[in-house]
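Student: Letter by letter, the sequence shown follows residues 1 to 455 of UniProt numbering. Ideal Cβ positions, reconstructed from N, Cα and C, are used throughout, including at glycine. Treat the numbers as computed from the prediction; the structure is a model and nothing was measured.
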Amino acid sequence: MLGFLISLTINSMDQFPEAYLALLCFLILICPSTSSLDQFLKQHQKSHRRQASLAGSVAMGLLFSLFCIFGLIIVAVELKKRRKKKDATLDVYIDSRSHSGTANVSWKLTGAREALSINLATFEKPLRKLTFADLLEATNGFHNDSLIGSGGFGDVYKAQLKDGTVVAIKKLIHISGQGDREFTAEMETIGKIKHRNLVPLLGYCKVGEERLLVYEYMRFGSLEDILHDRKKTGIKLNWAARRKIAIGAARGLAFLHHNCIPHIIHRDMKSSNVLLDENLEARVSDFGMARLMSAMDTHLSVSTLAGTPGYVPPEYYQSFRCSTKGDVYSYGVVLLELLTGKQPTNSSDFGDNNLVGWVKQHAKLKITDVFDPELMKEDPTLEMELLQHLKIACACLDDRPWRRPTMIQVMAMFKEIQAGSGIDSSATISTEDASFGPVAVADMTIKEGSELSKH
Numbered sequence: 001m002l003g004f005l006i007s008l009t010i011n012s013m014d015q016f017p018e019a020y021l022a023l024l025c026f027l028i029l030i031c032p033s034t035s036s037l038d039q040f041l042k043q044h045q046k047s048h049r050r051q052a053s054l055a056g057s058v059a060m061g062l063l064f065s066l067f068c069i070f071g072l073i074i075v076a077v078e079l080k081k082r083r084k085k086k087d088a089t090l091d092v093y094i095d096s097r098s099h100s101g102t103a104n105v106s107w108k109l110t111g112a113r114e115a116l117s118i119n120l121a122t123f124e125k126p127l128r129k130l131t132f133a134d135l136l137e138a139t140n141g142f143h144n145d146s147l148i149g150s151g152g153f154g155d156v157y158k159a160q161l162k163d164g165t166v167v168a169i170k171k172l173i174h175i176s177g178q179g180d181r182e183f184t185a186e187m188e189t190i191g192k193i194k195h196r197n198l199v200p201l202l203g204y205c206k207v208g209e210e211r212l213l214v215y216e217y218m219r220f221g222s223l224e225d226i227l228h229d230r231k232k233t234g235i236k237l238n239w240a241a242r243r244k245i246a247i248g249a250a251r252g253l254a255f256l257h258h259n260c261i262p263h264i265i266h267r268d269m270k271s272s273n274v275l276l277d278e279n280l281e282a283r284v285s286d287f288g289m290a291r292l293m294s295a296m297d298t299h300l301s302v303s304t305l306a307g308t309p310g311y312v313p314p315e316y317y318q319s320f321r322c323s324t325k326g327d328v329y330s331y332g333v334v335l336l337e338l339l340t341g342k343q344p345t346n347s348s349d350f351g352d353n354n355l356v357g358w359v360k361q362h363a364k365l366k367i368t369d370v371f372d373p374e375l376m377k378e379d380p381t382l383e384m385e386l387l388q389h390l391k392i393a394c395a396c397l398d399d400r401p402w403r404r405p406t407m408i409q410v411m412a413m414f415k416e417i418q419a420g421s422g423i424d425s426s427a428t429i430s431t432e433d434a435s436f437g438p439v440a441v442a443d444m445t446i447k448e449g450s451e452l453s454k455h
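1. Looking at C-alpha atoms only, which residue of Ile-148, Phe-132, Gly-191 and Asp-180 is the closest neighbour of Leu-161?
2. Give, in chain order, every unbroken run of the beta strand (DSSP E) that is at least 3 residues long and sits entirely within the region 240-278.
3. Hey, how far is the Cα of residue 461 from the Cα of Lys-158?
4. CB Glu-281 to CB Lys-244, shorter than 9 Å?
5. Would you mind listing the alpha helix (DSSP H) stretches within the region 279-349 that are 4+ residues and don't spill past its ends, in chain order?
6. Using the DSSP secondary-structure output, state which residues sit across from Glu-216 in a beta bridge.
7. So, with DSSP's three-state summary, where would you put Thr-139?
8. Whole-angstrom Cβ separation of Met-411 and Ala-254, contact assumed at under 8 Å?
9. Between the alpha carbons of Ala-434 and Gly-248, how many angstroms are there, rounded?
10. Out of Glu-224, His-263 and Gly-310, state which residue places its alpha-carbon closest to the alpha-carbon of Val-359.
11. Would you mind sorting Lys-81 into buried or exposed? The rule is 16 or more other CB atoms within 10 Å of its CB.
12. Under the rule that 16 or more other beta-carbon atoms within 10 Å means buried, what is Glu-416, buried or exposed?
13. Please report how far the alpha carbon of Val-77 lies from the alpha carbon of Gly-71, in whole angstroms.
14. Where does Lys-391 fall in DSSP's three states?
15. Suppose you measure from the CA of Glu-137 to the CA of Ala-55; what does that come to, to the nearest Å?
16. Note the first and the last residue of the continuous alpha helix (DSSP H) segment covering Val-356.
17. If distances are taken between C-alpha atoms only, which option among Ile-190, Asn-353 and Leu-147 comes closest to Cys-260?
18. Please report the straight-line C-alpha distance between Ile-69 and Leu-198, rounded to a whole angstrom.
19. Where does the unbroken beta strand (DSSP E) through Lys-206 begin, and where does it stop?
Next up, the structure:
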């Protein structure tokens, strides 16, 4: 009974304080001992402590929640401001591409307001935080002043990043097909290919309908410019430099043909796709581009993807079926450029003919007349070595694909020449990429018309 009264007192004291006091007096009168009363008072104090603790916890939780909400609001407002700023910047670039005429191609960024924050997929650690905005800033909005080259697959811009790194950015031509999955797959394949005689792909991104590829920058540009536009480059190549370039380009192409899985056919081997780094080391560029473009857009003509006039092997005009032996033919033309100093197609030199046909005509007369006069002035004793390299070029240019050597065999021929002439082959010829088999250099002749004159 007493326990019930104490319980009733505790439960009703907040609602009826007068009744609580009366009941307390009653308990004092009826309780001969103070133990029950003490127990009642202790329970009352514990109840108040629990209520105070609960109220404190609730208050702290509310304050923390309000603080978090306030912080999120600040962050959201700041992000919205930045997004508006980026959108405004992108609009400026889009307008500049459309009206100022500072670029020779249009940009398709419709529906890409988030474009500036798009990250590049990269294959090098220092570049992993690059965004499209960084590329815009590094090229001054892809201004014509940053344009360093144009080709069949797009324009190339020079860009200096914030950390001082200089890269080359290729903006691919617009294509009618979608090909997003094919584009990503090909980029991931090409990005993994690393060799000292190949231009490495550092990263790529897709912005709206634009596709951008980021490459390592090659200081001395293309072999084509150095050989045929000396006023632009101011560089004169002696025979030692040309020989080094020929071997380097052959080594890079051999790696694509024999060491990559699956094997890669370049399809557009030419002097403008042989770039030179700060050490004048040859780097083959644009490998995989033809396959990439054909995978993304089946509307492109096969002839567009089969090479450049002057470098295209005769069999391509019949079937347009690309092969490694087609690349070997194109390499033979590049080697002729190094030996003769002439462009593959130049009406002032050849009329309706081309470089290959011109060399074949001289094979019936005096073959040494085809060599670049500057090389002969440099050292008249070079004639025999030049002839040996010309034989390699002519072997590559055989009209019958099956008679052409592989690029591994071409490397073996270079090694034989250097071993026979006493040149230090260790500095230029490396067998690290594949094993070489013996090739009879003396048997390599032009198979159309008479054989090379032997001196």
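Tutor: According to the structure shown:
1. Translated into the one-based positions of the sequence shown, residue 161 becomes position 161. If we check each option's Cα against that of Leu-161, Phe-132 comes out closest.
2. 274-276
3. A query on residue 461 cannot be resolved here, the shown segment of the chain reaching from 1 to 455 and no further.
4. Here residue 281 refers to the residue found at position 281 when the sequence shown is read from its first residue. Here residue 244 refers to the residue found at position 244 when the sequence shown is read from its first residue. Against a cut-off of 9 Å, the Cβ pair of Lys-244 and Glu-281 comes out as a contact.
5. 289-296, 316-319 and 324-340
6. One-based indexing of the sequence shown puts residue 216 at position 216. DSSP, once it has assigned bridges, lists Val-167 as partnering Glu-216.
7. If you number the sequence shown from 1, residue 139 lands on position 139. Reduced to three states, the DSSP call for Thr-139 is coil.
8. Here residue 411 corresponds to residue number 411 of the sequence shown, with the count starting at 1. Here residue 254 corresponds to residue number 254 of the sequence shown, with the count starting at 1. Going by Cβ atoms, the distance from Met-411 to Ala-254 rounds to 6 Å, so yes, they are a contact pair.
9. For this step, residue 434 is matched to residue 434 along the sequence shown. For this step, residue 248 is matched to residue 248 along the sequence shown. Confidence in Ala-434 is poor, its pLDDT being 36 and thus under 50, which makes the residue's placement unreliable; the coordinate value appears in the next sentence. About 14 Å.
10. Counted from its first residue, the sequence shown places residue 359 at position 359. That would be Gly-310, whose Cα lies nearest to the Cα of Val-359.
11. Walking along the sequence shown from the start, residue 81 turns up at place 81. It counts as exposed.
12. Here residue 416 corresponds to residue number 416 of the sequence shown, with the count starting at 1. Buried is the call here.
13. Along the sequence shown, read from residue 1 onward, the residue named residue 77 stands at position 77. Along the sequence shown, read from residue 1 onward, the residue named residue 71 stands at position 71. Taking the straight line joining both Cα atoms gives about 10 Å.
14. Residue 391 sits at position 391 when you count from the first residue of the sequence shown. Here Lys-391 sits in helix by DSSP.
15. What you label residue 137 is simply residue 137 of the sequence shown in a count that begins at 1. What you label residue 55 is simply residue 55 of the sequence shown in a count that begins at 1. If you take the alpha carbons of Glu-137 and Ala-55, they lie about 56 Å apart.
16. Looking up residue 356 in the sequence shown gives position 356. Taken as a continuous stretch (DSSP letters only), the alpha helix (DSSP H) holding Val-356 covers 355-363.
17. Residue mapping note: residue 260 aligns to position 260 of the sequence shown, counting from 1. Comparing Cα-Cα distances from Cys-260 to each of Ile-190, Asn-353 and Leu-147, the minimum goes to Ile-190.
18. On the sequence shown, position 69 is the one that residue 69 refers to. On the sequence shown, position 198 is the one that residue 198 refers to. Taking the CA atoms as reference points, Ile-69 sits about 53 Å from Leu-198.
19. On the sequence shown, residue 206 is found 206 positions in, with the first residue counted as 1. Its beta strand (DSSP E) spans residues 201-207.
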